[in-house]
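One structure below.
In my numbering, the protein residues as written are 308 to 779.
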């Protein structure tokens, strides 16, 4: 048949006869309206929210919290890293020829982890008490006074008192920080001035709250003015000035922890009628005697195994264990700092132990008031716990617990190779609860499909509830 319509198959690449003359529009060079969160400005053609590049350049008003959430997602789990170190990693470092001091610290660290069932209970109590700085009958009354404060002024005065107490209890730690900073500062100084600084810092130390005033006077009148004069003369505006700025910050906190000022703050608090009613029968001299007897190292949870562990981590970060292992120790530090962030609304504990010859590493996250009732009676609050524990040659477990009105609900997630023992595991857990007089409302045991994220158990992390307000 004749091809009347002259229909032909077009060559490849020319199927679409409609030409789209889309041209790339050049970026506008006009000055855009500045972003000012304090007032409303006229909208323009800003593309901050319309493109990926614009989103990266746009102002992020929650950047600190956003960085925390990003780290929470990207930072390797502490339990995974620590399990590898404890179950063979540290032993391999010793065999590879790590320094003698670090090898001795590793040996001592594992010796300190050995404990019995009774010692484990005491170890856990010490960890819990060390994780909460404001504890004991005195601070229980202080919480009561804070919750019942009728005015903003009284609440502010109580919080200022607590901040000063926090700085006072950290006095020894702050002094150690300042000594380390002074040692680093000397490395950037000429020989003659370095010797003068040695003379000024000789005898600087903190044995108790009674030393704060004397040390503060030496820092403010001698050491810091000497360093400021040296910077002005040498015009060293680099690392030296940064170190001096850190020294000044630590010195300010150290000064704020003065015992006499703390007693004066308490005396002023007693002028509020409701506060005086709560602390009836207690005066400033009794508080002074109480503080002078207090062991702040013990109250802060300082213990031998933690000191040895930190010494090992410090050696690893310096590269003593080899540059290839440095990242492992950095991951440990990042995970520890992340769980101590002001945005983390739950309590975190780390429990490395060797129980009856079996190595185990465990982490606990505890929310003592999950429903936010703020009740003074612990029995009226709902507590939620997430426990992760890795047992050598056994596997990794997740345990989720909710304690409410003296009833416990539990779910245990076990490793895949233990699936044939599921009924035995459930029976054993039930017997443990019954033996300890705990009423179990629900007990679930199932195979794990992966490690449970902390944020999935405690969604208030993303809601920014119970976190410390650090807004300036």
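Heads up, the beta-carbon is just placed ideally off N, CA and C, and yes, glycines get one too.
- Just so you know, the alpha carbons of residue 633 and residue 393 end up roughly 16 angstroms apart.
- One thing to note: residue 718 has its Cβ no nearer than 7 angstroms to the Cβ of residue 744.
- By the criterion of a C-beta distance shorter than 7 angstroms, residue 526 is surrounded in its chain by 558, once the five residues flanking it on both sides are discounted.
- For residue 659, the uninterrupted beta strand (DSSP E) run begins and ends at 654-662, by DSSP.
- Residue pairing by DSSP puts residue 674 in a beta bridge opposite 691.
- With a 10 Å radius around the Cβ and a threshold of 16 neighbouring Cβ atoms, residue 695 comes out buried.
- Under the 10 Å beta carbon count, residue 386 is surrounded by 16 or more other beta carbons and is classified as buried.
- Rounded to the nearest whole angstrom, the CA to CA distance from residue 445 to residue 455 is 16 angstroms.
- For residue 549, the enclosing alpha helix (DSSP H) has its first and last residue at 546-563.
- Taking all protein chains shown into account, residue 466 has fewer than 16 neighbouring C-beta atoms within 10 Å of its C-beta and is therefore exposed.
- Here DSSP, grouped into helix, strand and coil, assigns residue 759 to coil.
- The beta carbons of residue 553 and residue 488 sit closer together than 7 angstroms.
- Contact between the stretch 376-390 and the stretch 635-651 is present: 3 or more CB-CB pairs across the two stretches fall below 8 angstroms.
- DSSP, read as helix, strand or coil, puts residue 376 in helix.
- Below 8 angstroms, enough C-beta pairs join the stretch 455-464 and the stretch 574-590 to call them touching: three or more.
- Per DSSP, residue 408 is one residue of the alpha helix (DSSP H) stretching across 407-419.
- In the three-state scheme derived from DSSP, where H, G and I count as helix and E and B as strand, residue 629 is classed as coil.
- Following the DSSP letters along the chain, one finds residue 454 inside the alpha helix (DSSP H) bounded by residues 444-454.
- No Cβ-Cβ contact shorter than 7 angstroms links residue 763 with residue 720.
- Only residues of its own chain outside the window of five on either side were considered, and among them 624 have a CB closer than 7 angstroms to the CB of residue 637, listed in chain order.
- Cβ-Cβ separation between residue 658 and residue 431: approximately 7 angstroms, consistent with a contact (criterion under 8 angstroms).
- Counting only residues of its own chain and dropping the five nearest sequence neighbours on each side, residue 732 has a CB closer than 8 angstroms to the CB of 719, 721, 725 and 752.
- A distance below 7 angstroms separates the beta carbons of residue 705 and residue 759.
- DSSP places residue 386 in the helix class (H, G or I) of the three-state scheme.
- Taking all protein chains in view, the Cβ of residue 639 is crowded by 16 or more other Cβ atoms within 10 Å, so the residue is classified as buried.
- Nearest to residue 668 by C-alpha distance, out of 395, 380 and 447, is 395.
- With contacts defined by Cβ atoms closer than 7 angstroms, residue 611 and residue 740 do not form a contacting pair.
- Taking the CA atoms as reference points, residue 595 sits about 26 angstroms from residue 556.
- Taking the Cα of residue 513 as reference, the smallest distance to any Cα among 504, 495, 481 and 500 is reached at 481.
- Remark: C-beta atoms of residue 716 and residue 748 approach each other more closely than 7 angstroms.
- Leaving aside the five residues that flank residue 662 on each side, the residues in its chain whose CB is nearer than 7 angstroms to its CB run, in chain order, 422 and 427.
- With respect to the C-alpha of residue 414, the residue from 398, 665 and 485 having the closest C-alpha is 398.
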